[in-house]
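A.B. asks: Got a structure for you, written out below as structure tokens; questions coming shortly.
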Amino acid sequence: MFTHIPTRRHILAGLTAAALPPVTAGAAHADAGPSLKALAAEKGILFGSALSAGTMEAAYLDILKTECGVIVPENEFKVYVIAAQADRYNFAPGDAIAGFARDNGMKLRGHTLLWNKVEFMPKWLLNIDFGRKPALGAERYLRDYIKRVCTHYGDQVFSWDVVNETIDPKTGEIRDTPFTKALGFDCIRIAFEAAREYAPRAQLVYNDYMSWEAGNETHRKGVQKLLEMLRNKNVPIDGFGIQSHIGNDGHIKEAQHSEWRAFVDAAVDMKYRLLITEFDVNDKDLPTDIAARDAGVAAAAKDYLDLMFSYKELDQFLCWGMTDNHSWLQGWTPRADKTPQRPTPYGADYRPKPLREAIAAALRAAPKR
Ligand code: 9MR
Numbered sequence: 002m003f004t005h006i007p008t009r010r011h012i013l014a015g016l017t018a019a020a021l022p023p024v025t026a027g028a029a030h031a032d033a034g035p036s037l038k039a040l041a042a043e044k045g046i047l048f049g050s051a052l053s054a055g056t057m058e059a060a061y062l063d064i065l066k067t068e069c070g071v072i073v074p075e076n077e078f079k080v081y082v083i084a085a086q087a088d089r090y091n092f093a094p095g096d097a098i099a100g101f102a103r104d105n106g107m108k109l110r111g112h113t114l115l116w117n118k119v120e121f122m123p124k125w126l127l128n129i130d131f132g133r134k135p136a137l138g139a140e141r142y143l144r145d146y147i148k149r150v151c152t153h154y155g156d157q158v159f160s161w162d163v164v165n166e167t168i169d170p171k172t173g174e175i176r177d178t179p180f181t182k183a184l185g186f187d188c189i190r191i192a193f194e195a196a197r198e199y200a201p202r203a204q205l206v207y208n209d210y211m212s213w214e215a216g217n218e219t220h221r222k223g224v225q226k227l228l229e230m231l232r233n234k235n236v237p238i239d240g241f242g243i244q245s246h247i248g249n250d251g252h253i254k255e256a257q258h259s260e261w262r263a264f265v266d267a268a269v270d271m272k273y274r275l276l277i278t279e280f281d282v283n284d285k286d287l288p289t290d291i292a293a294r295d296a297g298v299a300a301a302a303k304d305y306l307d308l309m310f311s312y313k314e315l316d317q318f319l320c321w322g323m324t325d326n327h328s329w330l331q332g333w334t335p336r337a338d339k340t341p342q343r344p345t346p347y348g349a350d351y352r353p354k355p356l357r358e359a360i361a362a363a364l365r366a367a368p369k370r
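So the sequence shown is numbered by the numbering used here: it starts at 2 and just counts up by one.
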């Protein structure tokens, strides 16, 4: 089971940051011109990043304060943190992040009310007994969980990833979980309805990681079918979160532009707002050489963001972390050459990289929404 603190990567990240000379955010931004949030705001886009409770150190927070208008807790609103124990809700890690956002005048996204994937549910929930009438029991549990989480954060969370990753990329079907066993598709409907009831002013989003690369066809098809079902059944939903972990399997050269456009067009035709919720660039298939690698990452990002920003329905853009040392990819998909990944706008030295400039350039080129 994955936990929010403290992973090997966080420990390594801490060591790396500690070993480096202190860099003030001002120095890091001196040549960078306007902040990413300012560039984005000019185009009607809200820019921000994920933040994890394990990485709340001052120099990192300075970058977030300078660059970001919105924060999303990377892990702290997940059920395996909030309800790690069946009989005790733990909001403390999430509250730390929410407090940081509030204290610094940043908006807050919520991720996620139903991550409908067994790998990310606490053990006790996997073995839960929903009683003699499992459909009723499961609905009661789900509604009560969503009620507690939504009312705890109230209007501070202006946008919720209500359901995350419920489509199995291999089959294109809804994944098997204790909730789908008891309720089938209805668990998705119930999650959105409960979110509408208990977070009535929040934007409600379906979030998933199907990407534009080859090999994602079944995943895209399954997600499109789900988006259609949600509309056909009048489920209360506003937005479609496209995670955008590009280079997912290290295939950033095999983007399928026209298939991707058709997929995004279909969501737009169904009147979904669009969000990039978790942007980063996996550099696994790029060379060891830093300059060549950073150029490859920047080029892939510019290509992708130019296409995505052409959709005026897209008005939120969040990175999944702002510095390489705090990226989940370090531990998740290590490079064959064992050098650290370089997937985010800032290096482990907290200085901006070519990816930051590529993001800035894409924002400058984006049409106003
Ligand atoms: O970045 C997150 C990592 O720290 C966690 O260990 C992992 C499991 O909870 O989740 C990662 O974030 C995922 C996000 O919640 C959903 N989309 C994919 C993200 C990267 O795996």
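Cβ coordinates follow ideal geometry from the N, Cα and C atoms, glycine included.
1) May I have the straight-line CA-CA distance separating residue 1 from residue 316, to the nearest angstrom?
2) Can you tell me which residues form a DSSP beta bridge with residue 209?
3) To the nearest whole angstrom, what separates the beta carbons of residue 309 and residue 360, a pair I think is in contact under 8 angstroms?
4) Compare the C-alpha of residue 39 against each of 59, 61, 68 and 214 and name the closest.
5) At a cut-off of 6 angstroms, is residue 217 close to ligand 1 when judged by its beta-carbon and the heavy atoms of the ligand?
6) Measuring only from the beta carbon, is residue 76 closer than 6 angstroms to any heavy atom that is part of ligand 1?
7) Between residue 125 and ligand 1, is there a pair consisting of the residue's CB and a ligand heavy atom that are separated by less than 6 angstroms?
8) With three or more C-beta pairs closer than 8 angstroms as the rule, is the segment 104 to 115 touching the segment 158 to 170?
9) Any Cβ of chain D within less than 7 angstroms of the Cβ of residue 302?
10) If you scan the segment 117 to 171 from start to end, which runs of the beta strand (DSSP E) of 3 or more residues do you find wholly inside it?
11) Please find out if some non-hydrogen atom of ligand 1 comes closer than 6 angstroms to the beta-carbon of residue 329.
12) Could you give the DSSP three-state label for residue 182: helix, strand or coil?
13) How about residue 138 and residue 173: do their beta carbons lie closer than 7 angstroms?
14) Assuming residue 320 is part of the beta strand (DSSP E), what are its boundary residues?
15) Just verifying my parser: in three-state terms, what is the DSSP assignment at residue 237?
16) Run through DSSP, which three-state label would residue 287 get?
17) With DSSP as the reference, label residue 100 as helix, strand or coil.
18) For residue 95, does the count of other Cβ atoms within 10 angstroms reach 16, so buried, or fall short, so exposed?
19) Per DSSP, residue 86 forms a beta bridge with which residues?
20) Within the continuous beta strand (DSSP E) that includes residue 355, where are the two ends?
21) Using only the heavy atoms of ligand 2, determine whether one of them is closer than 6 angstroms to the beta carbon of residue 154.
22) What does a CB cutoff of less than 7 angstroms around residue 24 pick up in its chain, not counting 5 residues either side in sequence?
23) Opposite residue 74 in the DSSP bridges: which residues?
24) Report all residues from its chain with a CB closer than 6 angstroms to the CB of residue 356; omit the five preceding and five following residues, and keep chain order.
25) According to the neighbour-count rule (16 or more other Cβ atoms, all chains shown, within 10 Å of its Cβ), is residue 341 buried or exposed?
26) Per DSSP, which one or two residues make a beta bridge with residue 204?
27) Within 10 angstroms of the Cβ of residue 245, are there 16 or more other Cβ atoms? Answer buried if so, exposed if not.
28) According to DSSP, what are the bridge partners of residue 214?
29) What would DSSP say about residue 274, mapped onto helix, strand or coil?
30) Can you check which of these residues, 79, 89 and 70, is closest to residue 106 by C-alpha distance?
31) Roughly how many whole angstroms lie between the Cα atoms of residue 181 and residue 286?
C.D. replies: Result, derived from the coordinates:
1) Nothing can be reported for residue 1: it is not among the residues displayed for the chain, which extend from 2 to 370.
2) 243
3) Not quite, the Cβ-Cβ distance comes to about 11 angstroms (not below 8 angstroms), so this is no contact.
4) Ranking the options by Cα distance to residue 39, first place goes to 68.
5) no
6) yes
7) no
8) yes
9) Annotation note: the requested chain D is absent from the structure, which comprises a single protein chain.
10) Counting only runs of 3+ residues, the beta strand (DSSP E) found wholly inside the segment 117 to 171 occupies 158 to 165, in chain order.
11) yes
12) helix
13) no
14) Looking at the DSSP string, the run of the beta strand (DSSP E) that includes residue 320 is 315 to 320.
15) coil
16) coil
17) helix
18) Per the 10 Å Cβ criterion, buried.
19) Residue pairing by DSSP places residue 86 opposite 89 in a beta bridge.
20) Note, residue 355: premise wrong, no beta strand (DSSP E); alpha helix (DSSP H) at 355 to 366.
21) Among the ligands modelled here, namely ligand 1, ligand 2 does not occur.
22) For residue 24, the predicted structure reports a pLDDT of 43, less than 50, and the residue's modelled location is therefore unreliable. The matter cannot be settled from this model.
23) DSSP, once it has assigned bridges, lists 52 as partnering residue 74.
24) 298, 299, 302 and 346
25) buried
26) 160
27) A buried status is given to residue 245, since no fewer than 16 other beta-carbon atoms sit within 10 Å of its beta-carbon.
28) Bridge partners of residue 214: 256.
29) The answer is strand: DSSP assigns residue 274 an E or B state.
30) 70
31) Spanning the two alpha carbons is a distance of roughly 37 angstroms.
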